[in-house]
Each structure stands twice: as C-alpha cells, then as structure tokens.
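Numbering (the UniProt record's numbering), first residue to last: 1 to 258.
Written out as structure tokens, the structure reads:
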C-alpha cells in the first residue's frame, strides 16, 4: 500500500514527527554511562503515554521477527544494528548505541533513529560510522524531490556509503510510512537512479541508511529480533521520516527545539 496525504493530513504528520524527534533527543540527553536499556524503554513508554500517542512496536509482529516485540523502542548496542530488543544491560563508556523509535498520533505514524556513543570519547571507528550514515541520510533527503524516483534516493544513499568503504546490506532499508509504520515503497540503501516509484507531493518516506564496519551479513539473536553484524564489528543507523512536498523534501522527525 502507498498512501498520498493531503495538506491537512501532512499537518498531523508534522505533529507525530516532532514527537518522535523530541523523544529521541530527550533520550540521548538522559543516557549516560550506567544507564540500563530497560530504563530507556521505560522512559520511552512514559513519554509516549504522556503525549497520548501509540507505540508502533509493542504489538508489532512481522514475519521476520518473533513477535510481538513487546517494547517501546529498539535499543541496539555496538555490533547490533536493527530491531535491538531492550534487555537488562547497563551501558558502558564507549558503547555505540542506536535508538530506533516509531509512534502514531491521530492515525499517522513517524519513524526515526539516531546513533551516538555513550561517554566522552568516541573511537575514530565509531565516529566514522555515525558520520557516514548521517551524511548518507542527508544525501538521500536531498534526492527526494517531486518527480524524482525511489532509485534516485537509493543511489544517493548508496554512493555515500560505498565511497566510505562500507559494505551495503539490501535486506532491510527505508520504507513508505503513513497510517501504518511499514508500507511500500521499499527504499534500498543502494540502487540505480531513474528507477522505481515516482515521488509525489503528499508521500511520506522513512529513509534509514545503516552500515556495518566490515560485513554486509546479519545474524539474529536468540530473542528472535536483534540483528547483529556477522563478524561482531560495530554498526550505525540513522533515520528520518520525510514528506515529499511541492517545495521539496521536508524532514518531519527533527526535535521541535532544533
């Protein structure tokens, strides 16, 4: 299913996106050495409930997971990159943490992810992973113009990731979003320009470049959800929900304060 939203619906989508961005920023500010992943999950639940929003994850049970997920946020540490299930783990100095959050407000969902290093001194490897996914996301957003194609976005993202020397996994990528969290079209993190669905004003997309330092192969934890690099290398994942508008792409999941 691909949904095209009216200007009125886009105003509602901005509310959802701002909430997602604000929660992620608040969680980043609160997270320090010693913070437990279950504590992050609890904070997330409290903020979602306080906002009158609905979690997209608690009851999420797709074919690739061992559902329902049962938590309010994905917390992936170091070699974990996608669908990280919160568990009893206290973050250590230098851990690379990815937080991935999707919520629904007034019938419209938004989805975003941030990666950051806990503590004061990120390693060069971790800093490079994070910076590359952020730069790839900016490139993908810049390519998301009316009349363009999904392949233009994929090509822009993949060009940045490849130039930085990272292998690219194509099993998981970005996606359409709207009244449900995951919709068509799929947005691979590499691709050929000029191919795929034509971008139209009112289309909402979640773009999410992610990389693993030295492999494109994933393995699944015993929890049935958490995806890790097959080699144990570090990973990073950055995501925004955007709207295609007549004036170009609009990022919806920036925090309201900046």
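Glycine is no exception: its CB is placed at the ideal position from the N, C-alpha and C atoms. The structure presented is a predicted model; accordingly, all values stated were derived computationally and were not measured.
| Check | Outcome |
| --- | --- |
| Between residue 260 and residue 77, what straight-line distance do the alpha-carbon atoms span, to the nearest angstrom? | The question about residue 260 has no answer, for the chain in this structure spans 1 to 258. |
| Quick test of the definition: if touching needs 3 or more C-beta pairs under 8 Å, does the segment 222-242 touch the segment 195-214? | yes |
| As an exercise, report each continuous beta strand (DSSP E) stretch of at least 3 residues that is fully enclosed by the segment 73-107, in chain order. | 74-77, 80-82, 96-105 |
| Among residues of its own chain, excluding the 5 on either side of residue 114, which ones have a beta-carbon nearer than 6 Å to its beta-carbon? | 24, 99 |
| How far does the alpha helix (DSSP H) with residue 43 in it extend, from its first residue to its last? | 37-50 |
| Since residue 112 contacts residue 21 with CB under 8 Å, what's their CB separation in whole angstroms? | 6 Å |
| Taking the alpha carbon of residue 164 as the point to measure from, which residue in 143, 186, 209, 79 has its own alpha carbon closest? | 209 |
| Could you give the C-beta distance for residue 14 and residue 252, rounded to a whole number, given that I count them as a contact under 8 Å? | 6 Å |
| I'd like to know whether the C-beta atoms of residue 75 and residue 96 end up nearer to each other than 8 Å. | no |
| Give the single residue among 5, 40, 250 whose Cα lies nearest to the Cα of residue 141. | 250 |
| Restricting to Cα atoms, I'd like to know which of 103, 61, 89, 70 is closest to residue 50. | 103 |
| What number of angstroms, rounded off, separates the C-alpha of residue 187 from the C-alpha of residue 155? | 10 Å |
| What are the start and end residues of each continuous beta strand (DSSP E) run of 3 or more residues lying completely inside the segment 194-228, in chain order? | 204-207, 210-212, 218-220 |
| What residue does the beta strand (DSSP E) around residue 177 start on, and which one ends it? | Segment: none, residue 177 is in no beta strand (DSSP E) and carries neither H nor E. |
| Does residue 55 come out as helix, strand or coil in the three-state DSSP assignment? | strand |
| By Cβ distance, which residues of its chain are closer than 6 Å to residue 16, with the 5 residues on each side in sequence left out? | 105, 108, 110 |
| Can you tell me whether residue 245 is helix, strand or coil according to DSSP? | strand |
| What is the DSSP secondary structure of residue 182, reduced to helix, strand or coil? | coil |
| Given this structure, state the Cα-to-Cα distance separating residue 1 from residue 62, to the nearest angstrom. | 16 Å |
| Please classify residue 89 as buried or exposed, where buried requires at least 16 other C-beta atoms within 10 Å of its C-beta. | exposed |
| Under the DSSP definition of a beta bridge, which residues are partnered with residue 160? | Answer is none; residue 160 lacks a bridge partner. |
| Alpha carbon to alpha carbon, how far is residue 101 from residue 72? | 8 Å |
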